[in-house]
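Trainee:
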């Protein structure tokens, strides 16, 4: 988190659900400071109902084609 506050506004944030602090919790904390968020997690953790269309969930294992598609969808709105 200290690194985030050093850099300020961030366009893209890539998080994993399972981190020292949950990626979902980090996304909630930074929702007003990050333009787009991509969250990776296992199947079944997709129920992230508090997020808007600036968030994408991708299941593990990461499929690079789906990853690129998610970024395109976020940017194109």
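Numbering (full-length UniProt numbering), first residue to last: 1 to 77. Beta carbons: idealized from backbone N, C-alpha and C, even for Gly.
(1) Alpha carbons only, please: which of 16, 36 and 75 is nearest the one belonging to residue 10?
(2) Where does residue 41 sit, in a helix, a strand or coil, going by DSSP?
(3) Have a look at residue 69 and residue 34 and give me their C-alpha separation to the nearest angstrom.
(4) What span of residues does the alpha helix (DSSP H) with residue 74 cover, start to end?
(5) Rounded to the nearest angstrom, what separates residue 58 and residue 39 at their Cα positions?
(6) Where does residue 34 sit, in a helix, a strand or coil, going by DSSP?
Mentor: Here's the rundown:
(1) Start at 1 with the first residue of the chain shown, and residue 10 comes out as number 10. When only C-alpha atoms are compared, the closest one is 36.
(2) Translated into the one-based positions of the chain shown, residue 41 becomes position 41. DSSP places residue 41 in strand when its eight states are reduced to three.
(3) Taking the first residue of the chain shown as 1, we reach residue 69 at position 69. Taking the first residue of the chain shown as 1, we reach residue 34 at position 34. Their Cα atoms are separated by approximately 19 Å.
(4) Position 74 of the chain shown, counted from the first residue, corresponds to residue 74. Its alpha helix (DSSP H) spans residues 64–76.
(5) Position 58 of the chain shown, counted from the start, is the residue given in the question as residue 58. Position 39 of the chain shown, counted from the start, is the residue given in the question as residue 39. C-alpha separation (whole angstroms): 6 Å.
(6) By 1-based counting over the chain shown, the position of residue 34 is 34. Correct three-state label for residue 34: strand.
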